[in-house]
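K.L.:
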Amino acid sequence: MATSPPRKPTMTERPDDVIVAHYDQALSQFGDTARGALWPNEQDRQTRFDVMLDVLAGHVGEPLVLCDLGCGTGELLARIRQRGISNLTYIGVDRSEAALDYARTKFPGTRFLRLDVNALDADLSQIDCDYLVANGLFTVRHVLDEQQMAAFVDSTIRRVWPHVRAGIAFNLMSGVVDWRRDDLFHASMDDMARLLHELAGRRVRMRADYGLYEFTCYAYKPIEPPATDVRFDAPVRVLRPSLPTADRLLPYLRRIDGARIYSNFGPLVLEFESRVCTLLGLPTGAVVSASTGTAGLVGAILATAGRATTTRTFALMPAYTFVATAVAARECGYEPYLADVDAETWMLDPDRLMDHPSLDRVGVVIPVAAFGKKLDQAAWLRFREKTGIAVVIDAAAGFESVSENPLACLGPIPVVLSFHATKSFATGEGGCVASTDIELVARACQCLNYGFRYSRDSQSASINGKMSEYHAAVGLAEFDQWDAKRDAFQSVVDNYLKRAAEAGIGTRLKTAPGISSSYILFQCDSIGHAERVQAELAADHIEYRLWYGMGLHRQTHFSALPRDPLPVTGQLTPCVIGLPMATDLDDASIERIVRAVVAGSRQ
Ligand SMILES: *Cc1c(COP(=O)(O)O)cnc(C)c1O
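If you read the sequence shown in my numbering, its first letter stands for residue 1, the second for the next number, and so on.
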């Protein structure tokens, strides 16, 4: 391995300039990898990212600005996206143009600044942020001596501190180790404590419990009391679910205590399934519960199409859906094949797919009832009859549309519902498969229970996807309060619609009954419009969410899937913004949300 000999700083350079050159050399030698950033391996690097992000603890969900000082090629942002942390506006800062080139290519649209925070003329207002992290900025000392390195740390922290509103985190090599590397900076915890206590008082944490030979320092600003002349509004969360309280659960939990049956289709699960059947106008046996909606999808796929075969490898699905659809198909051995949705319905169009060129390789089609919209069972039944291909309907968020239109939504094709906490009717985790084909539902039940049917003999591909008695207890208590919960949702929807109509944006607001009560969606007419709305929401600390991300094909794990051109999905994903919803969302918050949306909708 050829490395050039370490270079000493010249008279006109600051000592740390040499470190920048050292990093650039590693990057050109090893590329955009952990080693190219002078980390020994990828796994430890991911651990460090997570330890850095712990600085946000307690603030997850609020819109925040995070500055990544010494961002290198921006891999922390990849980790943030991978973890689904969606409330952060990220600013990457580095001195290396080569590293920033990589970062900008990977994350177009994200702010990456070339900035030397120790330069006397640096405009540090550019890094104004809620939280700042510096991962690995102070660990490599290269040819600097201990004193030069300590001075670099001290100067950097003092200079950035005034530009941070909430807190900082950075890591250093531990001084308490049995061997030291000459090129690393092994710092003293006491020295760091002295610096940070001076800046942050007692609001300092250090941790060395994550298995690496280093420690991470956290320092926090005092929470500033709101200035009296500025109105300070608490953040509005995008979703605050309300499931049955402990008091409402207690009678059901006592029944579990009495029966001493905790799972395996016990009395509470059977009662829950029968209440779902009654609500959906189905006979007993037409619904089987599942541990999650995703498990319900797996059960329904295995019961209809079985696992993927060598000739039928694809599960055809929309790119515009939550990842669970693809996860379930993969679990059954299928390669998701992504098709575009219809611009009006936001869903797959069965007639258009009827002569799709890849149909002969498709083992199962999984149309998705986007946001719990009503999905036409009859049209998919025609598709199934014409093509002979199995169909499973992912109506995860569709509890209301299905229960309000059971005749249109239900039939021989299995319909999968989710009872996840974020869905309108919720058991915490949970789901079900519903179909008028009772034999199919029995097979789904078998596939959710180790392939057991009449005996303890495993007879088919399967998982353990059963709902426990405890979740059924929540489900039964949720049934008890369902009318009240639906009314509460409805009154929030009414308030939203009234405010939006007054403000002239009513037609862009999508609400129940067209979609599930747990979503309030605002549809922008362009990406520019969506960016302005999102900026206004963030500025007023109103959380929002693109519920289906930027589409399945933009999820890291699913980025290489085979797919059709996806112009509609590409247009919809950034433009359909999920606004806050909760059964107790008050009128003042709704007014505030609509005000921000209106502000973002002005040209
Ligand atoms: C919620 C959801 C799921 C997954 O349901 P879980 O109960 O969370 O497993 C699947 N598909 C869609 C479209 C969803 O919205």
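The beta carbon of each residue, even a glycine, is placed where N, CA and C say it ideally should be.
With respect to 7 Å, is the separation between the Cβ of G514 and the closest non-hydrogen atom of ligand 1 below this value?
P.N.:
Residue 514 sits at position 514 when you count from the first residue of the sequence shown. Because no heavy atom of ligand 1 lies under 7 Å away, the Cβ of G514 does not count as near it: no.
K.L.:
Rounded C-beta distance between I393 and V362? I'm assuming under 8 Å.
P.N.:
Residue 393 sits at position 393 when you count from the first residue of the sequence shown. Residue 362 sits at position 362 when you count from the first residue of the sequence shown. Their Cβ separation, rounded to whole angstroms, is 15 Å, which puts I393 and V362 out of contact at 8 Å.
K.L.:
Of the residues C447, V65, G201, A315, which one's Cα is nearest the Cα of S289?
P.N.:
Along the sequence shown, read from residue 1 onward, the residue named residue 289 stands at position 289. Measuring from the Cα of S289, the nearest candidate turns out to be C447.
K.L.:
Per DSSP, H142 is paired with what?
P.N.:
On the sequence shown, residue 142 is found 142 positions in, with the first residue counted as 1. Note: H142 sits in no beta bridge, so no partner.
K.L.:
Pull up the CB-CB distance for A379 and A395, whole angstroms please, since I reckon it's below 8 Å.
P.N.:
Sequence index remark: in the sequence shown, residue 379 carries index 379 (1-based). Sequence index remark: in the sequence shown, residue 395 carries index 395 (1-based). Wrong, their Cβ atoms sit about 14 Å apart, outside the cutoff.
K.L.:
Taking only three categories from DSSP, how would you classify P15?
P.N.:
Locating residue 15 in the sequence shown gives position 15, counting from the first residue. Of the three classes helix, strand and coil, the one that applies to P15 here is coil, per DSSP.
K.L.:
Taking only the alpha-carbon atoms, compute the straight-line gap between W346 and Y320 and give it to the nearest angstrom.
P.N.:
Start at 1 with the first residue of the sequence shown, and residue 346 comes out as number 346. Start at 1 with the first residue of the sequence shown, and residue 320 comes out as number 320. Straight-line Cα distance between these residues: approximately 8 Å.
K.L.:
Cβ of F383 within 8 Å of Cβ of V391?
P.N.:
Along the sequence shown, read from residue 1 onward, the residue named residue 383 stands at position 383. Along the sequence shown, read from residue 1 onward, the residue named residue 391 stands at position 391. Yes; because the gap between Cβ atoms is below 8 Å, this pair is in contact.
K.L.:
Could you say which of P562, V594, V598, S418 lies nearest to P318 if we only look at CA atoms?
P.N.:
Walking along the sequence shown from the start, residue 318 turns up at place 318. Nearest of P562, V594, V598, S418 to P318, Cα basis: P562.
K.L.:
Of all the options N405, T311, A303, which has the alpha carbon lying nearest to the alpha carbon of C445?
P.N.:
Stepping through the sequence shown from its first residue, residue 445 is reached at position 445. Comparing Cα positions, the closest option is A303.
K.L.:
State the beta-bridge partners of A187 as determined by DSSP.
P.N.:
Numbered from its first residue, the sequence shown carries residue 187 at position 187. Paired residues: S174.
K.L.:
Identify the continuous alpha helix (DSSP H) that holds R453 and give its terminal residues.
P.N.:
Here residue 453 is taken as the residue at index 453 of the sequence shown, counted from 1. Where R453 is concerned, there is no enclosing alpha helix (DSSP H), given that its DSSP letter is neither H nor E.
K.L.:
Could you tell me which of C409, T47, E591, L199 sits nearest to L282, measuring between CA atoms?
P.N.:
By one-based count along the sequence shown, residue 282 stands at place 282. Nearest C-alpha to L282: C409.
K.L.:
Compute the beta-carbon to beta-carbon distance between V176 and L38, rounded to the nearest angstrom, for a pair I have assumed lies under 8 Å.
P.N.:
Position 176 of the sequence shown, counting from 1, holds the residue named residue 176. Position 38 of the sequence shown, counting from 1, holds the residue named residue 38. Rounded, the Cβ-Cβ distance is 22 Å, inconsistent with contact.
K.L.:
Let me know the secondary structure DSSP gives D437 once reduced to three states.
P.N.:
Along the sequence shown, read from residue 1 onward, the residue named residue 437 stands at position 437. It is coil, neither helix nor strand.
K.L.:
Under a Cβ-count criterion, where at least 16 other Cβ atoms within 10 Å of its own Cβ denotes burial, should P225 be classed as buried or exposed?
P.N.:
Residue mapping note: residue 225 aligns to position 225 of the sequence shown, counting from 1. Bear in mind that the predicted position of P225 carries a pLDDT of just 46, short of 50, making it too unreliable to give a figure here.
K.L.:
Can you tell me whether N449 is buried or exposed? The criterion is at least 16 other CB atoms within 10 Å of its CB, across all chains shown.
P.N.:
As a working mapping, residue 449 is identified with position 449 in the sequence shown. Per the 10 Å Cβ criterion, buried.
K.L.:
Between the alpha carbons of G92 and V576, how many angstroms are there, rounded?
P.N.:
Stepping through the sequence shown from its first residue, residue 92 is reached at position 92. Stepping through the sequence shown from its first residue, residue 576 is reached at position 576. Roughly 27 Å between the two C-alpha positions.
K.L.:
For S289, which three-state DSSP category applies?
P.N.:
For this step, residue 289 is matched to residue 289 along the sequence shown. Strand at S289.
K.L.:
Mind reading off the beta-carbon distance from L521 to F371? Whole number of angstroms is fine, and I expect it under 8 Å.
P.N.:
Position 521 of the sequence shown holds residue 521. Position 371 of the sequence shown holds residue 371. Correct: roughly 7 Å between the Cβ atoms.
K.L.:
Determine whether the Cβ of G109 lies closer than 8 Å to any Cβ atom of chain B.
P.N.:
Chain labels in this structure do not include chain B; a single protein chain is all it has.
K.L.:
Which ranges would you report for the beta strand (DSSP E) in the region 365-431 if only whole runs of at least 3 residues count?
P.N.:
If we require 3 residues or more, the beta strand (DSSP E) runs fully inside the region 365-431 come out as 415-418.
K.L.:
Return yes when the C-beta of S289 is under 7 Å from any heavy atom of ligand 1, and no when it is not.
P.N.:
Taking the sequence shown and counting its residues from 1, one reaches residue 289 at position 289. Because no heavy atom of ligand 1 lies under 7 Å away, the Cβ of S289 does not count as near it: no.
K.L.:
Do S518 and M581 have their CB atoms nearer than 8 Å?
P.N.:
As a working note, residue 518 is residue 518 in the sequence shown. As a working note, residue 581 is residue 581 in the sequence shown. Their beta carbons are under 8 Å apart, which means S518 touches M581 by this criterion.
K.L.:
For A588, which option in P235, L113, P222, L69 has the closest C-alpha, if you only look at C-alpha atoms?
P.N.:
The residue given as residue 588 occupies position 588 in the sequence shown. For the residues P235, L113, P222, L69, the minimum Cα distance to A588 belongs to P235.
K.L.:
Would you call the region 528-539 and the region 284-299 touching, i.e. three or more CB-CB distances under 8 Å?
P.N.:
Contact between the region 528-539 and the region 284-299 is absent, because fewer than three Cβ pairs lie under 8 Å.
K.L.:
Going by Cα to Cα distance, which pick from R83, P15, P63, D24 is closest to T47?
P.N.:
Counted from its first residue, the sequence shown places residue 47 at position 47. Taking only the C-alpha atoms, the option nearest T47 is R83.
K.L.:
Shortest alpha-carbon distance to C277 belongs to which of E42, V433, E478?
P.N.:
Here residue 277 is taken as the residue at index 277 of the sequence shown, counted from 1. Comparing Cα-Cα distances from C277 to each of E42, V433, E478, the minimum goes to V433.
K.L.:
Since V160 contacts V133 with CB under 8 Å, what's their CB separation in whole angstroms?
P.N.:
Working through the sequence shown from its first residue, we reach residue 160 at position 160. Working through the sequence shown from its first residue, we reach residue 133 at position 133. About 11 Å; that fails the 8 Å criterion.
K.L.:
Give the DSSP bridge partners of Y23, in chain order.
P.N.:
Counting from 1 along the sequence shown, the entry for residue 23 is found at position 23. Its beta-bridge partners do not exist; DSSP assigns none.
K.L.:
Does any heavy atom of ligand 1 sit closer than 7 Å to the C-beta of F322?
P.N.:
Translated into the one-based positions of the sequence shown, residue 322 becomes position 322. Yes, the Cβ of F322 comes within 7 Å of a heavy atom of ligand 1.
K.L.:
Please report how far the alpha carbon of A259 lies from the alpha carbon of S468, in whole angstroms.
P.N.:
The residue given as residue 259 occupies position 259 in the sequence shown. The residue given as residue 468 occupies position 468 in the sequence shown. So the two alpha carbons sit approximately 13 Å from each other.
K.L.:
Please state if the CB of T511 and the CB of S242 are separated by a distance shorter than 8 Å.
P.N.:
Translated into the one-based positions of the sequence shown, residue 242 becomes position 242. Translated into the one-based positions of the sequence shown, residue 511 becomes position 511. No, they are not a contact pair.
K.L.:
Is S526 near ligand 1, judged by its Cβ being under 7 Å from some heavy atom?
P.N.:
Position 526 of the sequence shown holds residue 526. Outside the cutoff, so no.
K.L.:
Any idea what DSSP makes of G578, helix, strand or coil?
P.N.:
Start at 1 with the first residue of the sequence shown, and residue 578 comes out as number 578. Looking at G578 - three-state DSSP - the assignment turns out to be strand.
K.L.:
Within 10 Å of its beta-carbon, does R114 have 16 or more other beta-carbons around it, so buried, or fewer, so exposed?
P.N.:
Translated into the one-based positions of the sequence shown, residue 114 becomes position 114. By the 10 Å Cβ count, R114 comes out exposed.
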